[in-house]
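Visitor: For the sequence shown, the working numbering gives the first residue as 34, with consecutive numbering after it.
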Amino acid sequence: MKFHAIIFDMDGTLTVPCLDFADIRTELGLVTEGDLVQQIAALSPEAQDRAWAIIERHEADAALNNQIQPGAREALQRFAARGIRLAILTRNSPQSIAAFMDRFQLPIEIAVGRDFEPLKPAPDPIWHILRQWQLEPTDCLMVGDYHHDLDAGHNAGTATCFFHNPGTTSFAHLADYTVASFTELEKLVFEVP
Ligand SMILES: [Mg+2]
Numbered sequence: 034m035k036f037h038a039i040i041f042d043m044d045g046t047l048t049v050p051c052l053d054f055a056d057i058r059t060e061l062g063l064v065t066e067g068d069l070v071q072q073i074a075a076l077s078p079e080a081q082d083r084a085w086a087i088i089e090r091h092e093a094d095a096a097l098n099n100q101i102q103p104g105a106r107e108a109l110q111r112f113a114a115r116g117i118r119l120a121i122l123t124r125n126s127p128q129s130i131a132a133f134m135d136r137f138q139l140p141i142e143i144a145v146g147r148d149f150e151p152l153k154p155a156p157d158p159i160w161h162i163l164r165q166w167q168l169e170p171t172d173c174l175m176v177g178d179y180h181h182d183l184d185a186g187h188n189a190g191t192a193t194c195f196f197h198n199p200g201t202t203s204f205a206h207l208a209d210y211t212v213a214s215f216t217e218l219e220k221l222v223f224e225v226p
């Protein structure tokens with residue numbers, strides 16, 4: 034097996050897509066595409082507080098209502114049973130991560146949220162996780178449904194896997210591998226030499 038660690042994005046990767054970022058942008062009055070966190074940082078302090086309150090409301094709703102991807106639990110259990118270390122790297126809040134971990138009880142050892150800066154796509158959070166396991170980036174696969182996830186993996190020196198949810202924009206051109214289900218991901222992880 035090539036990979037000794039897998040780092041997963043949370044929303045839309047471990048969970049079925051639920052946070053509607055287009056809706057959130059509309060409510061925030063941010064009409065242009067771009068890095069949401071950077072766009073908010075450019076607002077006045079009062080507008081920043083309002084914006085984060087809106088995001089946290091959407092995240093709290095999602096944390097109560099989201100569903101895990103089909104086959105994800107079984108796949109993660111088989112990865113853990115083979116000694117593969119598992120982590121979450123998300124831009125979501127520590128509260129939403131805690132709610133997710135409580136609800137789904139997955140064999141995830143480390144979860145890093147937006148309280149760890151700089152945020153992905155900076156490589157630092159990935160290096161932070163791998164340092165705790167004394168693993169190298171080349172031991173690791175970063176899996177995510179958005180370009181930030183793949184850019185973070187690329188910047189950190191890991192292999193990257195795009196998780197393609199049906200009907201969503203493809204970022205496959207940014208990734209080493211692409212899968213559309215946890216069944217496909219298992220095949221990849223267990224079969225890549
Ligand atoms: Mg995502």
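Beta carbons: idealized from backbone N, C-alpha and C, even for Gly.
Assuming M175 is part of the beta strand (DSSP E), what are its boundary residues?
Guide: From DSSP, the beta strand (DSSP E) with M175 extends over 173-177.
Visitor: Does the beta-carbon of G177, which I'm using as the reference point, lie nearer than 7 angstroms to any heavy atom of ligand 1?
Guide: True, at least one ligand heavy atom lies under 7 angstroms from that Cβ.
Visitor: Taking the CB atoms as reference points, tell me whether A185 and P156 lie closer together than 8 angstroms.
Guide: Result yes, Cβ atoms of A185 and P156 sit closer than 8 angstroms.
Visitor: Could you check the C-alpha separation between C51 and A96 for me, to the nearest Å?
Guide: Whole-angstrom Cα-Cα distance: 9 angstroms.
Visitor: Using only alpha-carbon positions, find the residue among G67, P127, I87, G62 that is nearest to F149.
Guide: Ranking G67, P127, I87, G62 by Cα distance to F149 puts P127 first.
Visitor: At which residues does the alpha helix (DSSP H) containing L183 begin and terminate?
Guide: First-last of the alpha helix (DSSP H) with L183: 180-189.
Visitor: Which residue marks the beginning of the alpha helix (DSSP H) containing V145, and which one marks its end?
Guide: Unbroken run through V145 is the beta strand (DSSP E), 143-145; no alpha helix (DSSP H).
Visitor: DSSP three-state label for P215, please.
Guide: Looking at the sequence shown, residue 215 is not Pro but Phe. F215 falls in the helix class under three-state DSSP.
Visitor: When DSSP labels each residue in this structure, what does L63 get in the three-state scheme?
Guide: In the structure shown, L63 sits in coil (DSSP, three-state: anything other than H, G, I, E or B).
Visitor: Report the three-state DSSP secondary structure of A75 (helix, strand or coil).
Guide: A75: coil per DSSP, three-state reduction.
Visitor: Do L174 and T191 have their CB atoms nearer than 8 angstroms?
Guide: Contact: yes.
Visitor: Compute the Euclidean distance between the alpha carbons of F215 and V225, then round it to the nearest angstrom.
Guide: So the two alpha carbons sit approximately 15 angstroms from each other.
Visitor: Taking 7 angstroms as the line, does the beta carbon of T46 fall inside it for any heavy atom of ligand 1?
Guide: Within the cutoff, so yes.
Visitor: Return the CA-CA distance between E89 and D44, expressed in angstroms with no decimal places.
Guide: In a straight line, the C-alpha of E89 is about 14 angstroms away from that of D44.
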